[in-house]
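Protein chains in written order, with UniProt numbering: chain A, 1 to 201; chain B, 1 to 201; chain C, 1 to 201; chain D, 1 to 201. Built from N, CA and C at the ideal position, the CB exists for glycine as well. A short worksheet on the structure shown next.
Protein chains: 4
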Amino acid sequence: MDRRVRASQKRRRLTAAAARVLHGQGVERTTLADIAREAGVPAGNVYYYFKTKDELVRAALSEHRAHLDELTAALEESADPRDRLKGLVKAWVDQRETAARHGCPTGTLAVELGKRADGTLDAEAGAVIRHLLDWAAAQFRALALPAPDDLALTLVSAYQGMSLLANALRDPTVMTREGARLLRWLDALGGPDGPDGPGAR
Amino acid sequence: MDRRVRASQKRRRLTAAAARVLHGQGVERTTLADIAREAGVPAGNVYYYFKTKDELVRAALSEHRAHLDELTAALEESADPRDRLKGLVKAWVDQRETAARHGCPTGTLAVELGKRADGTLDAEAGAVIRHLLDWAAAQFRALALPAPDDLALTLVSAYQGMSLLANALRDPTVMTREGARLLRWLDALGGPDGPDGPGAR
Amino acid sequence: MDRRVRASQKRRRLTAAAARVLHGQGVERTTLADIAREAGVPAGNVYYYFKTKDELVRAALSEHRAHLDELTAALEESADPRDRLKGLVKAWVDQRETAARHGCPTGTLAVELGKRADGTLDAEAGAVIRHLLDWAAAQFRALALPAPDDLALTLVSAYQGMSLLANALRDPTVMTREGARLLRWLDALGGPDGPDGPGAR
Amino acid sequence: MDRRVRASQKRRRLTAAAARVLHGQGVERTTLADIAREAGVPAGNVYYYFKTKDELVRAALSEHRAHLDELTAALEESADPRDRLKGLVKAWVDQRETAARHGCPTGTLAVELGKRADGTLDAEAGAVIRHLLDWAAAQFRALALPAPDDLALTLVSAYQGMSLLANALRDPTVMTREGARLLRWLDALGGPDGPDGPGAR
DNA sequence: TATGAATGAGATTTCATTCAT
DNA sequence: CATGAATGAAATCTCATTCAT
């Protein structure tokens, strides 16, 4: 295995480690040494792959976005957009233990980055969330529902809200309860009662 | 005005400054000097009132809880619990600019504190959120709706979700759009279609 | 009770508290607040009785010297100087638990003060020890023993040594064992074997 | 000379500097900057080698113990245990100027560390002293004297006592006088009067 | 590339001492 | 006299980043 390959493996290990540790400990409480240790890379070496700590944060964000892309790609195996959306909700509920411990990786990262004075990285966290919004809107649009963007907003908003509460209350059942409601909502959408959002009526 | 009075004023000034600055910059990026400056107090003096930085965070949390109590007290001037809840949603929407800039004070604090290994303060952030849940549940119960706790969870979860998204996307209209939906939902709740709760159909 | 009396009581309380706390925690690890608390005096008030922390240390030293004077006065009720010296040793052994916990009050104070660059207070600690040396020498002289100053040095040195070891090893039996030896030595002194010091032959 | 070698040299320089400065100024009055300056190392760099100040204290203690081991190793060139013990006493007397200025390095360290509430490091100071006790006891045992542990206690105790007094009185002749007595005592031990040990009779 | 070592800026915290009433 | 409040200097410790090999 030549240098080039080993190097890109190390980069990948560092990226994955950054995603894990930053999710668990938050950006500000994570040191480069933490990430290096988790990746099994000597601390001084990190700078050959990432010039600054912020670049590691960026890499973690792209890792989360990649996970998201994998998930949506898998969901697209279903032909029915409604099934895709329900699959998304089920995937969220499956992650309930992680959510209760650390919240949504992207959402909590967005919160931390939003506190920065210089608005550099927070835009990138927002972009990952917008990516999810866009995907959800596309599904709602495929269902020929009105205001698909608003429906997407409602869905993703509910996800971020339930993740935050599960985390703040350290209670994974928050995910289960809200998840069940979202599934009912998705099933009812476009039915006789009109498309007014979750729990409409 | 004697020493005693001035002193407790200073304590209050510090608490208010802590709440403001911690909301704006986050816990980890805020130094004691930041809070002292905002309060107009010499840095060394802060420790006369708060023995550690964590105590300032605690004070900020209690400040947020006090704000919440003020708000709910004002809402209780309405006799109708439904109006109270709608008033709550309107208050959230009124704060849309702040939410877009910094998110929900308590929610973002909970996210940051949740990243700590030592789980002391995050419980207190969770308690403030639970306080809001309890108040909302009481209103739903007064409306004789079934599963008032779940309804409260849905409502507060929606608030945290829309605040997080408004903040991550730097877009206050998220608050407006989701707020409008929540108002329609509250109006419809317990309506002609039976008391099935949110997401019914 | 008039002000004057109350004031001097407070001064005495502070002095006693200083002696106690400085012995237990050492000079450098003791704050004025510690002493004020122990004395039941408000912190800001201490400065009316002692202008600096060093003056409190000085007061503690004089307290220890006063204790020493009380002890020697009591010992002088014995007519026989040898009994007086043996009484002194017995008093030391009686304090074995304190010695194991905190060492000799004056000795440990002298060690700490000896570390100061400016040789101000260490001389005063030395003076208390010299006072004990002088008293012991007087007893040896009264016994018509040769080189009473050396005998005193041996005795006091043994005391400081056994206190330090009892403290360092956290073992009060050091006091018991060495104390027993010193008693045998005092008994033997001036006997047929000559006055060559403790354990001579 | 490569990095690795220079680094361990620096560590050694820091350890030696810590031993020197802590002996001279005491633990509490010594700052990390003092030690860094003495070692010719930038202050921020100290933490690369020692994570806390306490670790520097620990290193200083091990340095003192190493000195002690060197000394006893040299003494063991004498075949006669009595000569070894007399050599020890002579070494102490040779250090009289240092003792008068700063006391025994290990003894004064033990005193300071004994004042701490948290009893972690003081045990290590005690261990160094116990190490000396053990060595001395082994010599007395080799001389077939009864109660060698008590004899060792007497000897080491005398050393700590005379060091403390020399320091407190700023008088190196204390070491000379007590040292001479100890030499006579060692010579007489186990002599014509029977093996009753120190204080016999 | 790789890596242990180095660095310095900055954060939290402590406390003797002084002030104002 | 009394006292809560105030202050600033200094100490420990952390860490992102850079250096030298």
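Query raised in the report: Can you list, in chain order, the residues of its chain whose CB lies under 8 Å from that of VAL21(B), leaving out five sequence neighbours each side?
Result: Position 21 of the second sequence holds residue 21(B). Around VAL21(B): THR30, ASP34, ILE35, GLU38.
**Report entry** Distance, LEU182(C) Cα to ALA200(D) Cα
**Finding:** Within the fourth sequence, residue 200(D) is the residue found at index 200, counting from 1. Within the third sequence, residue 182(C) is the residue found at index 182, counting from 1. With a pLDDT of 39 at ALA200(D), under the threshold of 50, the modelled position of this residue cannot be trusted, and the question is left open.
Query raised in the report: Counting pairs of Cβ atoms below 8 Å between the segment 156-163 of chain C and the segment 158-171 of chain D, do you hit three or more?
Result: yes
Query - Buried or exposed (CB count within 10 angstroms, at least 16 for buried), TYR47(C) - result: By one-based count along the third sequence, residue 47(C) stands at place 47. Looking at its Cβ environment, which holds fewer than 16 other Cβ atoms inside 10 Å, TYR47(C) is exposed.
Requested in this report: Going by CA-CA distance only, name the one from ARG6(D), SER8(D), TRP135(D), THR120(D) that's closest to GLU55(D).
Outcome: Here residue 55(D) is taken as the residue at index 55 of the fourth sequence, counted from 1. Minimum Cα distance to GLU55(D) is reached at THR120(D).
Query raised in the report: Three-state secondary structure (DSSP) at LYS10(D)?
Result: To locate residue 10(D), count along the fourth sequence from 1; it is residue 10. If DSSP states are grouped into helix, strand and coil, LYS10(D) belongs with the helices.
Query raised in the report: Where does GLU76(A) land, buried or exposed, given buried means 16+ other C-beta within 10 angstroms?
Result: The sequence position of residue 76(A) within the first sequence is 76, counting from 1. Exposed.
Query - Beta-carbon proximity check, residue 207(D) vs ALA110(D), cutoff 7 Å - result: Not covered by the structure: residue 207(D). The range shown for chain D is 1 to 201.
**Report entry** Complete runs of the alpha helix (DSSP H) confined to the segment 37-89 of chain D [at least 4 residues]
**Finding:** 46-49, 53-75
Query raised in the report: Between the segment 103-117 of chain D and chain C, which residues of the former have a C-beta closer than 8 Å to a C-beta of the latter?
Result: GLY103, GLY107, THR108, ALA110, VAL111, GLU112, GLY114, LYS115, ARG116, ALA117
Requested in this report: For TYR49(A), I'd like the list of residues in its chain whose CB is within less than 6 Å of its CB, leaving aside the five on either flank, ordered along the chain.
Outcome: The sequence position of residue 49(A) within the first sequence is 49, counting from 1. Closer than 6 Å at Cβ, skipping near neighbours: ARG11, LEU14.
Query raised in the report: Nearest chain A C-beta to ASN167(B) closer than 7 Å, yes or no?
Result: Taking the second sequence and counting its residues from 1, one reaches residue 167(B) at position 167. ASN167(B) counts as touching chain A.
Query - As assigned by DSSP and simplified to three states, the class of ALA147(D) - result: On the fourth sequence, position 147 is the one that residue 147(D) refers to. Of the three classes helix, strand and coil, the one that applies to ALA147(D) here is coil, per DSSP.
Query raised in the report: Is LEU22(C) close to chain D, meaning its C-beta is less than 7 Å from at least one C-beta of that chain?
Result: Position 22 of the third sequence, counted from the first residue, corresponds to residue 22(C). Chain D, which has no Cβ nearer than 7 Å to the Cβ of LEU22(C), makes this no.
Query - Among LEU88(D), ASP118(D), ALA73(D), TRP135(D), the one whose alpha carbon lies nearest that of MET175(D) - result: Taking the fourth sequence and counting its residues from 1, the one referred to as residue 175(D) is at position 175. Answer by Cα proximity: LEU88(D).
Query raised in the report: Ends of the alpha helix (DSSP H) at residue 228(B)?
Result: Any answer about residue 228(B) is impossible in this case: the structure gives chain B only from 1 up to 201.
Query raised in the report: Does the distance from the CB of ASP150(C) to the CB of ARG177(D) come in under 7 Å?
Result: Taking the third sequence and counting its residues from 1, the one referred to as residue 150(C) is at position 150. Taking the fourth sequence and counting its residues from 1, the one referred to as residue 177(D) is at position 177. Yes, they are a contact pair.
Query raised in the report: Can you name, in chain order, every residue of its own chain whose Cβ lies under 7 Å from the Cβ of LYS53(D), other than the five neighbours on each side?
Result: Counting from one through the fourth sequence, the residue named residue 53(D) turns up at place 53. Result list for LYS53(D): LEU32, in chain order.
Query raised in the report: Would DSSP call ARG101(D) helix, strand or coil?
Result: The residue you call residue 101(D) lines up with position 101 of the fourth sequence. The answer is helix: DSSP assigns ARG101(D) an H, G or I state.
Query raised in the report: Can you name the start and end residues of the alpha helix (DSSP H) that GLU124(C) belongs to?
Result: Counting from one through the third sequence, the residue named residue 124(C) turns up at place 124. Looking at the DSSP string, the run of the alpha helix (DSSP H) that includes GLU124(C) is 122-142.
Requested in this report: Drop a sphere of 10 angstroms on the beta-carbon of VAL5(A), count the other beta-carbons inside from all chains shown, and report buried for 16 or more, exposed for fewer.
Outcome: As a first step, residue 5(A) is located in the first sequence; it is residue number 5 there, counting from the start. Exposed, since its Cβ has fewer than 16 Cβ neighbours within 10 Å.
Query raised in the report: Just checking my contact of GLU63(A) with ALA138(A) at CB under 8 Å: how many whole Å lie between their CB atoms?
Result: Working through the first sequence from its first residue, we reach residue 63(A) at position 63. Working through the first sequence from its first residue, we reach residue 138(A) at position 138. The Cβ separation is near 23 Å, so there is no contact.
Requested in this report: Between the Cα of ARG84(D) and those of GLN95(D), THR72(D), LEU61(D), spot the shortest distance and give me the residue it belongs to.
Outcome: Start at 1 with the first residue of the fourth sequence, and residue 84(D) comes out as number 84. Out of GLN95(D), THR72(D), LEU61(D), THR72(D) has the C-alpha closest to the C-alpha of ARG84(D).
**Report entry** Own chain residues within Cβ distance below 8 Å of GLU112(D), not counting five before or after
**Finding:** The residue given as residue 112(D) occupies position 112 in the fourth sequence. Same-chain partners within the cutoff: GLY26, VAL27, GLU28.
Report task. Could you check what DSSP says for ALA152(C) in three-state terms: helix, strand or coil? Result -> Here residue 152(C) refers to the residue found at position 152 of the third sequence. Here ALA152(C) sits in helix by DSSP.
Requested in this report: Just mark LYS115(A) as buried or exposed, buried being the case when its beta carbon has 16 or more other beta carbons within 10 Å.
Outcome: Within the first sequence, residue 115(A) is the residue found at index 115, counting from 1. Buried: at least 16 other Cβ atoms inside 10 Å.
Requested in this report: List the whole-angstrom C-beta distance separating LEU145(B) from LEU189(B), where the pair is believed to meet the contact cut-off of C-beta under 8 Å.
Outcome: Numbered from 1 along the second sequence, position 145 holds the residue referred to as residue 145(B). Numbered from 1 along the second sequence, position 189 holds the residue referred to as residue 189(B). Between LEU189(B) and LEU145(B) the Cβ distance is about 6 Å, and since that is below 8 Å, they are a contact.
Query raised in the report: So with Cβ pairs under 7 Å, would you call ALA16(A) a contact of chain B?
Result: Residue 16(A) sits at position 16 when you count from the first residue of the first sequence. No, because no Cβ of chain B sits closer than 7 Å to the Cβ of ALA16(A).
Query raised in the report: Among ALA180(C), ARG170(C), GLN9(C), ALA19(C), which residue has its Cα nearest to the Cα of ARG101(C)?
Result: Translated into positions along the third sequence, residue 101(C) becomes position 101. The option with the nearest alpha carbon to ARG101(C) is ARG170(C).
Query raised in the report: If we call anything under 7 Å between Cβ atoms a contact, is VAL128(D) one with ARG58(D)?
Result: Against the fourth sequence, residue 128(D) aligns to sequence position 128. Against the fourth sequence, residue 58(D) aligns to sequence position 58. It is not a contact, given that the beta carbons lie outside the stated cut-off.
Report task. Compare the C-beta of ILE35(A) with all C-beta atoms of chain B and state if any pair is closer than 7 Å. Result -> For this step, residue 35(A) is matched to residue 35 along the first sequence. Cβ-Cβ to chain B under 7 Å: no for ILE35(A).
Requested in this report: Tell me whether ASP187(A) is buried or exposed, calling it buried when 16 or more other Cβ atoms sit within 10 Å of its Cβ.
Outcome: To locate residue 187(A), count along the first sequence from 1; it is residue 187. Classification of ASP187(A): exposed, given that the 10 Å Cβ count is below 16.
**Report entry** Among SER8(C), GLN9(C), THR173(C), nearest to VAL93(C) - alpha-carbon criterion
**Finding:** Stepping through the third sequence from its first residue, residue 93(C) is reached at position 93. The shortest C-alpha separation from VAL93(C) is found at THR173(C).
Query raised in the report: So which residues of chain C does VAL156(D) contact, with C-beta pairs closer than 9 Å?
Result: Position 156 of the fourth sequence, counting from 1, holds the residue named residue 156(D). Those within 9 Å of VAL156(D) in chain C are GLY161, LEU165.
**Report entry** Between the CA atoms of SER78(A) and ALA60(A) - distance to the nearest angstrom
**Finding:** Position 60 of the first sequence, counted from the start, is the residue given in the question as residue 60(A). Position 78 of the first sequence, counted from the start, is the residue given in the question as residue 78(A). Their backbone Cα atoms lie some 29 Å apart in a straight line.
Query - Test: GLY190(D) CB closer than 7 Å to a CB of chain C - result: Within the fourth sequence, numbered from 1, the residue matching residue 190(D) stands at position 190. False, the Cβ-Cβ gap to chain C never drops below 7 Å.
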